[in-house]
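Take a look at the structure below.
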Amino acid sequence: MRRQLVDILRHKGIQDERVLQAIGRLPRHWFLDPAFSDWAYRNLPFAIGCGQTISHPHTVAFQTELLRVSPRDKILEIGTGSGYQSAVLQMMGGRVWTIERHHALHLESRALLEDLGFGQIRCRHGDGYLGWPTEGPFDKILVTAGADHVPARLVDQLKWGGRMVIPVGDDTSQEMIVIDKDRYGAVRKSRHGAFAFVPFLSGTDSQSR
Ligand code: SAH
65 MRRQLVDILR HKGIQDERVL QAIGRLPRHW FLDPAFSDWA YRNLPFAIGC
115 GQTISHPHTV AFQTELLRVS PRDKILEIGT GSGYQSAVLQ MMGGRVWTIE
165 RHHALHLESR ALLEDLGFGQ IRCRHGDGYL GWPTEGPFDK ILVTAGADHV
215 PARLVDQLKW GGRMVIPVGD DTSQEMIVID KDRYGAVRKS RHGAFAFVPF
265 LSGTDSQSR
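Just so we're on the same page, my numbering is the position in the sequence shown counted from 1, plus 64.
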């Protein structure tokens with residue numbers, strides 16, 4: 065089933081063999097409610113609790129390809145969710161720091177990643193708008209929730225020569241934006257098509273309750 069999923073992703077235009085290899089090796093059903101196991105290798109999103117979703121495999125592959133992960137890259141992910149995307153990044157050789165605003169999801173994904181042998185991934189419950197200043201700057205930043213603007217704090221935490229991938233738009237649709245910071249610190253944006261993510265909300269669940 066994983067091989068079939070890789071064929072679908074290839075067909076939909078994903079070319080980076082390292083991305084395809086990671087998705088081809090990582091069991092996605094580990095990250096889903098067992099009720100969805102039979103469907104885990106279709107190109108579909110699923111509910112993961114707290115009103116959130118694990119993204120379509122194509123979206124994971126597309127964002128990961130755009131991120132151009134190199135082995136040893138220091139990567140900040142915003143929106144841990146199920147932990148699947150963090151595991152894909154680590155399988156590609158990245159060193160991963162990930163932030164989730166829902167405490168329950170944070171606890172669940174941290175325990176799961178640890179159980180699955182991804183204990184090196186640093187998980188934190190917090191507001192991704194603030195980034196992780198004590199650990200930055202990062203080579204790469206990946207935002208997996210739809211923002212209404214590019215947070216300046218995240219751009220600040222990007223290394224010179226670094227790259228950020230972030231969907232930006234409104235609640236229903238966002239454009240995939242790539243931000244490149246060159247080796248002199250200048251920032252350039254490019255656009256990569258429309259997607260639909262759950263919203264990037266400010267604050268944590270405990271602050272908004
Ligand atoms: N990368 C996840 C996709 C999760 S969906 C996966 O592979 O499963 C996006 C996640 O972003 C949700 O879990 C949501 O709670 C989280 N999120 C939204 N706003 C956030 C914020 N300000 N800080 C941290 N996480 C946030």
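Cβ atoms here follow ideal geometry from the backbone N, Cα and C, with glycine treated the same way.
Following the continuous beta strand (DSSP E) through residue i, name the residue where it begins and the one where it ends.
i	result
Gln-116	116-118
Thr-162	159-164
Asp-42	Past the edges of the chain, shown from 65 to 273, lies residue 42, and the structure says nothing about it.
Ser-150	It is not in any beta strand (DSSP E) - Ser-150 instead sits in the alpha helix (DSSP H) that spans 148-155.
Ile-72	Where Ile-72 is concerned, there is no enclosing beta strand (DSSP E), although the alpha helix (DSSP H) it sits in stretches over 66-75.
Does the beta-carbon of residue i have 16 or more other beta-carbons within 10 angstroms, so that it is buried, or is it exposed?
i	result
Glu-141	buried
Leu-177	buried
Glu-81	exposed
Thr-162	buried
Tyr-105	buried
Regarding residue i and the ligand SAH, is the C-beta to nearest heavy atom distance less than 7 Å?
i	result
Gly-88	no
Cys-187	no
Gln-149	yes
Ala-168	no
Glu-164	yes
Asp-235	no
Phe-259	no
Thr-117	yes
I believe residue i touches residue j by the beta-carbon criterion, under 8 Å. Please report the beta-carbon distance rounded to the nearest angstrom.
i	j	result
Ser-254	Tyr-193	With a Cβ gap of about 22 Å, Ser-254 and Tyr-193 do not count as contacting.
Leu-169	Gly-145	6 Å
Asp-137	Asp-203	4 Å
Ends of the alpha helix (DSSP H) at residue i?
i	result
Ala-125	121-131
Ser-173	167-179
If we cut at 8 Å on Cβ distances, does residue i have a partner in chain D?
i	result
Arg-165	The chain inventory of the structure shown lacks chain D, comprising one protein chain alone.
Taking 8 Å as the cut-off, does the stretch 194-211 touch the stretch 231-243 (at least 3 CB pairs, one atom from each stretch)? yes
Three CB pairs or more closer than 8 Å across the stretch 217-226 and the stretch 100-114: no
Stretch pair the stretch 114-126 + the stretch 246-263: three plus CB contacts closer than 8 Å: yes
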